[in-house]
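Trainee: As they're listed, the protein sequences go chains U and S.
Here the first sequence is numbered in our numbering, starting from 18 and rising by one per residue.
Here the second sequence is numbered in our numbering, starting from 1109 and rising by one per residue.
Sharing a structure below in structure tokens format, with a few things to ask.
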Amino acid sequence: MSLGSVPLKYKVTIDREQCMHCMRCIDNCSYGVYHKEDDRIIIDSRKCTACHHCISMCPRDAISLKERPVDYRSHPLWTAEAREDIINQARTGKIILAGMGNAKPYPVIFDRLVLDACQVTNPSIDPLREPMELRTYLGKKPSRLEIDKKDNGDIELKTKLTPNLKLETPIMIGHMSYGAISLNAQLSLAKAVEKTGTFMGTGEGGLHEAIYPYQKNMIVQVASGRFGVDINYLERGAAIEIKIGQGAKPGIGGHLPGEKVCQDVSCTRMIPLGSDAISPAPHHDIYSIEDLAQLVRSLKEATEWKKPVFVKIAAVHNAAAISAGIARSSADAVVIDGFRGGSGATPKVFRDNVGIPIEAAVASVDQKLKDQGIRNKISVIASGGIRNSADIAKSIALGADAVYIGTGALIAMGCRVCGQCYRGMCPWGIATQRPDLVERLDPEVESEHVANLIRSWTLELSELMGAAGINSIESLRSNRSRLRGYMLDEGTLDVLQVKPVGA
Amino acid sequence: MEKVEIDAKGMHYTPLNEMIREAVRNGAKEIILDNVIGQRFIADGLKADVTIRINGVAGGDLGMFMNGPTCIVNGNCDHAPGNTMDGGTIVIHGSAGDAAAHSMRGGKLFVKNNIGYRGGIHMKQYEEERKPVLVVGGSSHAFLGEYMAGGLILVLGIGQEDPAKDRGIGSGIHGGMIVIRGEVKDELLGVGARKAEFGEKELEMITPYVEEFCKYFDTEPSGLLDMNYTCIVPASTRPFAGKYTWE
């Protein structure tokens, strides 16, 4: 007996009265939902991923889409998704692959934190007429400054400062590799960070020649696969990031399927054409915090101690202790990637079930570093599920120096979070290497969209800071008195070190 | 300035590397490091046409990210010599620790005696001109050539009864070739690795590296240039292609 097929996920319909038969839906759908039979457009809803490209390109707004048009017998435990996953795995015997971030309805802690605002006794600041300082320096800060006073009255700084990364806004774009996303998508992000005075990560896919003009805004990544890593790559980056873990898949490595390793990706990663690009879970020269320190120092030694080195870990329950180790490893920043962080491809069971929320991880990391008296030795970067400027302000108030955004930047370029990135057919030209799809994305236009997003969130941050009576981002950092928890349990409030509303 | 001598006694690796870079900038073609005792990262990221003679025991990550130099170690070497090396040659007149030639993507590493675990792990290759080569005179330990994506690992087993007696050879290998002197038991092969015929073509391929090894260590190649080798290659360039299904 066959298991049969599961019901389709989405139902696409065309309003035939509205439709002008322009056939743009056929041209636009890379998944093959539409085809033409005689003069009629035929719809195969089963192929639909809800990417919305057809809807956004339809000149008559004739296309409608509904999620899950077929009901199952309702059951609180055996949801439709649970049943369909079992059918899928019973049929294939394989691991279910997924894209984007955690898709389970866990409560969002950010949404249960509220920011404070000044009223009478400590007046708020008007960002329209008062300067607001959002410039952020990432890297080690000295415990104290030693100054030498000369006889002629001049003063000289005796303390040797460690190289820091200078950001005009505490918002950066996280690592999305060339291979996982298209070159045009990377170019758009690169142009956007140059326009806004911030930085982006290359991901573990190396640095394509087309990105060289933006290398001063690039954080180059070294993952266990060491793709595209050579001394020139390290020297090009403004900073270097060692990727240990990723929020969407803590504890496992990365894997770019051979289908996406086209000629250009093969050249940039320096691997054979069409072969799988495998980044295993561990770095095979790191089995302890001492080994990690050795990799950090080897990267600094290779680049003559001129560049900050970051270490990225997934948010897991012992992230605080690990970060304290990282702070002692010569690293300049630790990136904590929360369990809502995105991914081009990850086993669904990891995406939806492994890791902890970024809010709790950042707060516990910040607290541990402060408790040990080493908070100045390292910067903290929060990433994974940052959706708006309020999330950024809350992240910083919980202890982050800056944030990485990922999915938000993709949405600014058109992404509709359909979660099919691993199939390489992204109709928006983002998570694909198919030339006809890549060329749909215009780096000039999309870089402006991404830059606008960063600008608008930066403006909102200024307003939020001003309302809280703060004129410098440094005064917001780890300033948990500006936060209150609403409908959060006592245990979570304790981890966050945040008081409940009304307290 | 053709030749520079540096006494590394008691010296931290950073000033040592600074002195090496300074010598290279001043045109040194040969640098001799005396009294090396465990300094890490020697020649880390160094881009130059220079020969560095290391008298003593080199510490971890010798020649990491290096591109161009020749490092000759008159002694043993700690872990991961040639780590993510891009180009150049490392010759070790002794043994090396774990993860020798880790992620090496070009250049050659010759070890006179033995290496530890995970030798040649993640070695990768981009087209024919960037082919990394690891040649081990003695034996290797477990997970030799794990996740190997390109290049050549050659284990000669000189003076060894069993040059590769540990398990996991070529686990996850999806490119390149591992050649081991003598027979290798099937149960020692990792997932994704398979034995292939060692024929005249393969012998021709390894001959220049055997000869180069013998030149460095003053050994006679004739006893090594025969068909007594086992060749291990990937079962597929896509080892995990069948592991996943769509959401």
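All C-beta atoms, glycine included, are put in the ideal place defined by N, C-alpha and C.
In this text the structure is predicted, and so the values were computed from the model without any measurement.
Could you confirm whether any beta carbon from chain S is found closer than 8 Å to the beta carbon of G436(U)?
Mentor: By this cut-off, G436(U) is an interface position.
Trainee: What residue range is occupied by the uninterrupted alpha helix (DSSP H) comprising D418(U)?
Mentor: Note, D418(U): premise wrong, no alpha helix (DSSP H); not H, not E.
Trainee: Below 8 Å on the Cβ atoms is my guess for A255(U) versus I236(U); work out the distance and round it to an integer in Å.
Mentor: Indeed they touch by this definition, with Cβ atoms about 6 Å apart.
Trainee: Taking the straight line between their C-alpha atoms, what separation do you get for L1141(S) and G1168(S)?
Mentor: Rounded to the nearest angstrom, the two C-alpha atoms are 16 Å apart.
Trainee: Using CA atoms only, rank isn't needed, just tell me which of F1149(S), P1177(S), A1207(S) is closest to H1249(S).
Mentor: Measuring from the Cα of H1249(S), the nearest candidate turns out to be A1207(S).
Trainee: Please report the distance separating the alpha-carbon of H10(U) from that of C39(U).
Mentor: There is no way to answer for residue 10(U), as the model of chain U reaches only from 18 to 520.
Trainee: Judging by CA-CA distance, which residue of L178(U), D168(U), Q35(U) is the nearest neighbour of K158(U)?
Mentor: Nearest C-alpha to K158(U): L178(U).
Trainee: Can you pull the chain S neighbours of H301(U), defined as C-beta to C-beta under 7 Å?
Mentor: A1207, H1210, R1226, I1229, H1230, listed in chain order.
Trainee: With burial defined as no fewer than 16 other Cβ atoms inside 10 Å of the residue's Cβ, what is the status of H1187(S): buried or exposed?
Mentor: The residue in question, H1187(S), is buried, as its Cβ has 16 or more Cβ neighbours within 10 Å.
Trainee: If you count every other CB in all the chains shown that lies within 10 Å of the CB of H92(U), and 16 or more means buried, which is it?
Mentor: Answer is exposed; the Cβ neighbour count stays below 16.
Trainee: Just checking: is the beta-carbon of S292(U) within a distance shorter than 8 Å of some beta-carbon in chain S?
Mentor: Yes, S292(U) lies at the interface with chain S (some Cβ there is under 8 Å from its Cβ).
Trainee: Flag Y1234(S) as yes if its beta-carbon sits less than 8 Å from any beta-carbon of chain U, otherwise no.
Mentor: At least one chain U Cβ lies under 8 Å of Y1234(S).
Trainee: Tell me the start and end of each unbroken alpha helix (DSSP H) in the stretch 1283-1340 of chain S that is at least 4 residues and wholly inside, in chain order.
Mentor: Here the runs fully enclosed are 1308-1325.
Trainee: Let me confirm a value: P460(U) is counted as buried when at least 16 other C-beta atoms fall within 10 Å, else exposed. Which label applies?
Mentor: By the neighbour-count rule (16 or more Cβ atoms within 10 Å), P460(U) is buried.
Trainee: In the DSSP assignment, what residue or residues form a beta bridge with G1164(S)?
Mentor: Note: G1164(S) sits in a beta bridge opposite V1144(S).
Trainee: Under 8 Å between C-beta atoms, does S315(U) make it to chain S?
Mentor: For S315(U), the answer is yes, since a Cβ of chain S falls inside 8 Å of its Cβ.
Trainee: Could you tell me which uninterrupted beta strand (DSSP E) segments, each at least 3 residues in length, are contained entirely in the stretch 176-208 of chain U, listed from first to last along the chain?
Mentor: With a minimum length of 3 residues, the continuous beta strand (DSSP E) runs that stay inside the stretch 176-208 of chain U are 182-184, 188-190.
Trainee: Skipping 5 residues on each side, what residues in its chain have a beta carbon closer than 6 Å to that of V175(U)?
Mentor: Before going on, a small fix: residue 175(U) reads as Lys here, not Val. Counting only Cβ-Cβ distances below 6 Å, and skipping sequence neighbours, we find E163, D165.
Trainee: Take T213(U) and list the residues in its own chain whose beta-carbon comes closer than 7 Å to its own, dropping the five residues that flank it on each side.
Mentor: The answer, listed in chain order, is E185, T186, A468, I471, R472.
Trainee: In three-state terms, what does DSSP make of A1272(S)?
Mentor: If DSSP states are grouped into helix, strand and coil, A1272(S) belongs with the strands.
Trainee: If we count Cβ pairs, one from each stretch, closer than 8 Å, do we get three or more for the stretch 474-487 of chain U versus the stretch 402-415 of chain U?
Mentor: Flag = yes, the stretch 474-487 of chain U and the stretch 402-415 of chain U touch.
Trainee: If G1259(S) sits next to M1212(S), beta carbons under 8 Å apart, how far is it from one beta carbon to the other, in whole angstroms?
Mentor: Yes, G1259(S) and M1212(S) are in contact; Cβ-Cβ is about 7 Å, under 8 Å.
Trainee: Give the secondary structure of A256(U) by DSSP, where H, G and I count as helix, E and B as strand, and everything else as coil.
Mentor: Three-state result, A256(U): strand.
Trainee: Just to confirm before moving on: does the CB-CB distance between Y27(U) and K83(U) stay below 8 Å?
Mentor: Cβ distance < 8 Å, so Y27(U) and K83(U) count as in contact.
Trainee: Looking at the unbroken beta strand (DSSP E) that takes in V1244(S), where does it start and where does it end?
Mentor: Counting along the chain, the beta strand (DSSP E) containing V1244(S) begins and ends at 1241-1244.
Trainee: In chain U, which residues lie less than 8 Å from H1282(S) when you measure between Cβ atoms?
Mentor: Those within 8 Å of H1282(S) in chain U are S292, D293, I295.
Trainee: Would G1331(S) be called buried (16 or more neighbouring beta carbons within 10 Å of its own) or exposed?
Mentor: With fewer than 16 Cβ atoms within 10 Å of its Cβ, G1331(S) is classed as exposed.
Trainee: Among G425(U), I330(U), E173(U), whose alpha-carbon lies nearest the alpha-carbon of M189(U)?
Mentor: It is G425(U) whose Cα lies nearest to the Cα of M189(U).
Trainee: K329(U) and K385(U): beta carbons closer than 8 Å?
Mentor: Cβ distance not < 8 Å, so K329(U) and K385(U) don't count as in contact.
Trainee: Spatial neighbours of E1291(S) within its chain, please: CB distance less than 8 Å, with the 5 preceding and 5 following residues excluded, ordered by chain position.
Mentor: Around E1291(S): T1338.
Trainee: Please list, in chain order, the residues of the stretch 1336-1353 of chain S that have any C-beta partner in chain U closer than 8 Å.
Mentor: Result list: T1345, R1346, P1347, F1348, A1349, G1350, K1351, Y1352, T1353.
Trainee: Between C1322(S) and the rest of its own chain, which residues show a CB-CB distance below 7 Å, the 5 nearest in sequence each way excluded?
Mentor: Once the five neighbours on either side are set aside, the close Cβ partners of C1322(S) are E1328, P1329.
Trainee: Output, in chain order, the set of chain S residues within a Cβ distance shorter than 8 Å of D281(U).
Mentor: Within chain S, no residue comes near D281(U); the closest Cβ sits about 12 Å away, beyond 8 Å.
Trainee: Using the beta-carbon of each residue, which ones in chain U are nearer than 9 Å to F1218(S)?
Mentor: What F1218(S) touches in chain U: nothing, since even the nearest Cβ is about 20 Å away.
Trainee: K387(U) lies in the beta strand (DSSP E); which residues open and close that run?
Mentor: Premise fails: K387(U) lies in the alpha helix (DSSP H), 375-388, not in any beta strand (DSSP E).
Trainee: Is there a Cβ from chain U that is less than 8 Å from the Cβ of R1275(S)?
Mentor: No, R1275(S) does not count as interfacial toward chain U.
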